[in-house]
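Chemist: Shown below is the structure under consideration.
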């Protein structure tokens, strides 16, 4: 996509869009908070690091924090991790990672265009892997 302005041509890329989204979020001063501990929380923190998304990591104690009424309002299952966003809370680590990758400043983490086959395999993998880990 390109836009002509004053005789010069400006290229608008997906990366530019994500930087703009981050600038808007920073302007609103609403930090993203990631609650949780363990491997799945670490996975979300790594995606945030590579995506260039700043996270606030509040104190979290498994078995205590996740049973409080305010936490159960964010995630009725009481599981972790939970990502608190300006638009509500997200839970399930794969969903959190996908969200962080799409709002981040590193477009290579979540490509803009994928074939329908790749997209369906991605969804199938997200549904299959949790089942696999329960029986391992």
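In the numbering used here, the protein residues as written are 5 to 140. The C-beta atom is built at its ideal place from N, Cα and C for all residues, glycine as well.
Measure from the alpha carbon of residue 41 to the alpha carbon of each residue in 35, 65, 52 and 60, then state which is nearest.
Modeler: Cα-wise, what sits closest to residue 41 is 65.
Chemist: Just verifying my parser: in three-state terms, what is the DSSP assignment at residue 64?
Modeler: It is coil, neither helix nor strand.
Chemist: So what's residue 114 in DSSP terms, helix, strand or just coil?
Modeler: DSSP places residue 114 in coil when its eight states are reduced to three.
Chemist: Do you know how far the Cα of residue 112 is from the Cα of residue 61?
Modeler: About 25 Å.
Chemist: Pick helix, strand or coil for residue 106, following the three-state DSSP scheme.
Modeler: Residue state, collapsed to three classes: helix.
Chemist: Shortest alpha-carbon distance to residue 36 belongs to which of 50, 53, 57 and 46?
Modeler: Residue 57 is the option with its Cα nearest to residue 36.
Chemist: Going by beta-carbon coordinates alone, are residue 85 and residue 50 separated by less than 8 Å?
Modeler: No, Cβ-Cβ distance for residue 85 and residue 50 is not below 8 Å.
Chemist: I'd like to check one pair, residue 48 with residue 100: are the Cβ atoms closer than 8 Å?
Modeler: Against a cut-off of 8 Å, the Cβ pair of residue 48 and residue 100 comes out as a contact.
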